[in-house]
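For the sequence shown, UniProt numbering gives the first residue as 1, with consecutive numbering after it. Just so you know, even glycine gets a beta-carbon here, dropped at the ideal spot from N, CA and C. Predicted model, so just to flag it, every value in this text is computed and none were measured.
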Amino acid sequence: MADMELVIHDGPPVKKKGNKKAKRDLSVLDHKPKSNVVYVGRIPHGFYEKQMRGFFEQFGNISKLRISRSRKTGKSRHYGFIQFEVPEVAEIVAETMNNYLLFESMLQVKLVPLEKHHPRMWVGANRVYQPGKIALKNRLYHNRVRSPLEQKKLLRGLVKKDKVRREKLKAAGIDYEYPDIRLEIPGKPKKIVFSDD
C-alpha cells in the first residue's frame with residue numbers, strides 16, 4: 001500500500017463510456033403516472049352498472065365502476081366513472097367510445113386527469129344503490145306529530161297566505177267568496193285511562 005503513488009490528471013476531462021440503453025430506461029421512469037379513470041356522460045336509460053361492466057370489459061379489466069345516482073329516488077343521473085387496471089386501456093376507451101351512439105344517446109367519454117380525481121369519487125362504487133332509507137326518513141319527517149307551537153306557526157303562515165290571496169283577487173276585480181281559514185290550535189290530546197274492571 002505504501003508503494004502506491006497519487007497521480008493528478010491535469011489534461012482534458014476523461015469521458016466515461018456508459019450504457020446508453022440504461023440511460024434510456026431511466027428516462028422512461030421519469031415521466032408522470034397516467035390516469036386510468038374514465039368519465040362516461042350521457043348514459044342512456046337501461047344502461048346501468050351490470051350492463052356497463054359487461055360492455056366495457058371488452059377493452060380490459062375494470063377495477064371500479066360507479067354511476068352517480070339520486071339520493072332520493074335512486075335513479076341514474078346519467079353519468080359515471082370507470083377505473084381500469086391499466087392506464088393505456090383507459091386512453092383507448094376514451095378515444096374509441098367518445099361520441100359513440102348507444103340507445104339513441106351519444107356517449108361522452110373522457111379521460112380524467114390525476115389532479116381532477118376527487119377523494120370521494122369512489123364512495124359507493126361496485127355496488128347497487130338502495131334508495132329506501134332516505135325516502136323513508138323524509139316521509140317520517142314530513143308526517144311527524146308537530147308540537148302546538150309548530151302547529152301555531154304553520155297555521156299563521158296559512159292565514160297570511162290566504163290574506164294575500166284574497167287581496168290579489170280583490171285587486172283583480174274578482175268577487176269570490178270562500179270560507180276563512182280559522183286559527184284554531186288544537187290542545188293537548190286527552191289521555192284515555194282504561195280500567196281493569
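- Message: So, with DSSP's three-state summary, where would you put Lys34?
- Response: As a working mapping, residue 34 is identified with position 34 in the sequence shown. Collapsing the DSSP output to three states places Lys34 in coil.
- Roughly how many angstroms lie between the CA atoms of Leu111 and Lys163, to the nearest whole one? Translated into positions along the sequence shown, residue 111 becomes position 111. Translated into positions along the sequence shown, residue 163 becomes position 163. Rounded to the nearest angstrom, the two C-alpha atoms are 57 Å apart.
- Local conformation of Arg182 per DSSP, three classes: Here residue 182 refers to the residue found at position 182 of the sequence shown. In the structure shown, Arg182 sits in coil (DSSP, three-state: anything other than H, G, I, E or B).
- Query: Would Ile43 be called buried (16 or more neighbouring beta carbons within 10 Å of its own) or exposed?
  - Reply: Taking the first residue of the sequence shown as position 1, residue 43 is located at position 43. Classification for Ile43: buried.
- Item | Inter-residue spacing [alpha-carbon to alpha-carbon] between Val86 and Ser147 | For this step, residue 86 is matched to residue 86 along the sequence shown. For this step, residue 147 is matched to residue 147 along the sequence shown. About 59 Å.
- Item | Burial state of Gly80, where buried means 16 or more other Cβ atoms lie within 10 Å | Locating residue 80 in the sequence shown gives position 80, where the first residue counts as 1. By the 10 Å Cβ count, Gly80 comes out buried.
- Query: What is the DSSP secondary structure of Phe84, reduced to helix, strand or coil?
  - Reply: Here the question's residue 84 lines up with position 84 in the sequence shown. Correct three-state label for Phe84: strand.
- Taking 8 Å as the cut-off, decide whether the C-beta atoms of Leu65 and Arg77 are in contact. Translated into the one-based positions of the sequence shown, residue 65 becomes position 65. Translated into the one-based positions of the sequence shown, residue 77 becomes position 77. Here Leu65 is not near Arg77, since their CB atoms are 8 Å or more apart.
- Leaving out five residues before and five after Phe103 in sequence, what residues of the same chain have Cβ atoms less than 8 Å from its Cβ? Numbered from its first residue, the sequence shown carries residue 103 at position 103. Around Phe103: Pro44, His45, Gly46, Phe47.
- Task: Pull up the distance between the alpha-carbon of Asn36 and that of Val89, whole angstroms please.
- Result: By one-based count along the sequence shown, residue 36 stands at place 36. By one-based count along the sequence shown, residue 89 stands at place 89. Asn36 and Val89: Cα-Cα distance of roughly 8 Å.
- Do you know whose CA, among Asn61, Asp180, Val145, Gly173, lies nearest Arg156's CA? Taking the first residue of the sequence shown as position 1, residue 156 is located at position 156. Closest option to Arg156, judged by alpha-carbon separation, among Asn61, Asp180, Val145, Gly173: Asp180.
- Message: For the segment 122-135 against the segment 65-75, do three or more pairs of beta-carbon atoms, one drawn from each stretch, fall closer than 8 Å, so that the two count as touching?
- Response: Three or more Cβ pairs closer than 8 Å define a contact, and the segment 122-135 meets that threshold against the segment 65-75.
- Message: Need the endpoints of the beta strand (DSSP E) that Gln108 sits in, please.
- Response: Residue 108 sits at position 108 when you count from the first residue of the sequence shown. Where Gln108 is concerned, the enclosing beta strand (DSSP E) stretches over 105-111.
- Task: Answer with buried or exposed for Val38, where buried requires no fewer than 16 other C-beta atoms within 10 angstroms of its C-beta.
- Result: Here the question's residue 38 lines up with position 38 in the sequence shown. Counting of Cβ neighbours within 10 angstroms places Val38 among the buried residues, the total reaching 16 or more.
- Item | Candidates Lys34, Ile82, Gly74, Arg71: closest to Phe55 by CA position | On the sequence shown, residue 55 is found 55 positions in, with the first residue counted as 1. Ranking Lys34, Ile82, Gly74, Arg71 by CA distance to the CA of Phe55 puts Ile82 first.
- Under the three-state reduction of DSSP, which class applies to Ile62: helix, strand or coil? The residue labelled residue 62 in the question sits at position 62 within the sequence shown. Here Ile62 carries a strand assignment [DSSP, helix/strand/coil].
- Message: Tell me the DSSP secondary structure of His117 in three-state form.
- Response: On the sequence shown, position 117 is the one that residue 117 refers to. Looking at His117 - three-state DSSP - the assignment turns out to be coil, as it is neither helix nor strand.
- Query: Using the C-alpha atoms, what's the distance from Gly74 back to Tyr141?
  - Reply: For this step, residue 141 is matched to residue 141 along the sequence shown. For this step, residue 74 is matched to residue 74 along the sequence shown. Between Tyr141 and Gly74, the C-alpha separation is close to 19 Å.
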